[in-house]
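Just so you know, we're using the numbering used here here: the sequence shown kicks off at 511 and counts up by one. No residue lacks a Cβ here, since even glycine has one placed at the ideal position from N, Cα and C. Read the structure below first, then the notes.
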Amino acid sequence: MCSPNLSPLRGKLASPENAYAVAVQLRAAGGAEQFVVSTGDPMQPFRVSGEPPVGQEQFLALVA
511 MCSPNLSPLR GKLASPENAY AVAVQLRAAG GAEQFVVSTG DPMQPFRVSG
561 EPPVGQEQFL ALVA
């Protein structure tokens, strides 16, 4: 998941599991549903958003 030129720690921190944990925390704090999406970008392979995925992003999870 992590490019050889990037820190191995990035691979751990930028994991789908971490993104899901952030989504759960945001949902609990703000009450709005959160989407976990795969971006295809090695610098930010997963992200959490209050909006559905766009473009080439892929839906992974919805925390509702």
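Item to check | A542, buried or exposed, once every other Cβ within 10 Å from all chains shown has been counted against 16 | outcome: exposed
Item to check | Straight-line Cα distance separating R557 from A531 | outcome: 11 Å
Item to check | Q544 versus L516: straight-line alpha-carbon distance, rounded | outcome: 27 Å
Next on the checklist: Using only the alpha-carbon positions, how far apart do G550 and L570 sit?
Outcome noted: 12 Å
Checklist entry - By Cβ distance below 6 Å, which residues in the same chain neighbour Q566 in space, the five residues on each side in sequence not counted? => result G550
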